[in-house]
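If you use the working numbering, the sequence shown corresponds to residues 715 to 855, in order. Using N, Cα and C, we set each Cβ at its ideal position, and we do this for glycine too. Since the structure comes first, as structure tokens, the remarks are kept for the end.
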Amino acid sequence: MPLASFPSSFGSISTIALNDTTANLFEGVQVYTVKGQNQFLMIVESVGARGRYLRSYTATSLSGTWTPQATSEARPFASKLNSDVTWADNVSSGDLFRENPDQTFTVDACRLEFLYTGRVNQPPESFGLYKYRPGLLTLKR
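Next up, the structure:
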């Protein structure tokens, strides 16, 4: 919604940005403005055969077409596969560190750090007993 209209009802102004399976677009969607570029970065949590991981898409406008970047379990934006995570099978909901505290969610593409929730590698007796702890992923170049 336009900033001038906020807060308001989302009602008739909602738009479907992506359409895929529930596993591919599971939860935890966040959109960021990429500093110094005419680009937005969307991160979404997905569920794969090895656990939860993050997929990413970019667009030049919020209403534009979202282009897949890292969107498979084999080549994710973030997962156990492309990190040093040994204590968790899941890289789950979290947030990129931002340049500022405002509504633009501006991130520096050259300095990405993602604070996430990881699930400890231990089978629970029930869903409510999963053990989670925070983790930090840092882009290495």
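Where residue i sits in the DSSP three-state scheme
| i | result |
| --- | --- |
| LEU795 | helix |
| GLY750 | coil |
| SER786 | coil |
| LEU850 | strand |
| SER719 | helix |
Cβ-based burial, residue i [other Cβ within 10 Å; buried from 16]
| i | result |
| --- | --- |
| TYR844 | exposed |
| GLU759 | buried |
| VAL834 | exposed |
| GLY842 | exposed |
| THR735 | exposed |
| THR774 | exposed |
| LYS712 | The structure shown does not extend to residue 712, since the chain spans only 715 to 855, so no value can be given for it. |
| GLY750 | exposed |
Short CB-CB distance (under 7 Å) between residue i and chain B
| i | result |
| --- | --- |
| THR736 | This model lacks chain B altogether, as it is built from one protein chain only. |
Residue span of the beta strand (DSSP E) that contains residue i, given as start and end
| i | result |
| --- | --- |
| THR779 | Run containing THR779: none; DSSP gives neither H nor E here. |
| ASP803 | 802-810 |
| ARG833 | 827-834 |
| LEU768 | 765-773 |
With three or more beta-carbon pairs closer than 8 Å as the criterion, would you say the stretch 770-781 touches the stretch 806-816? Touching, no, given that fewer than three Cβ pairs across the two stretches are closer than 8 Å.
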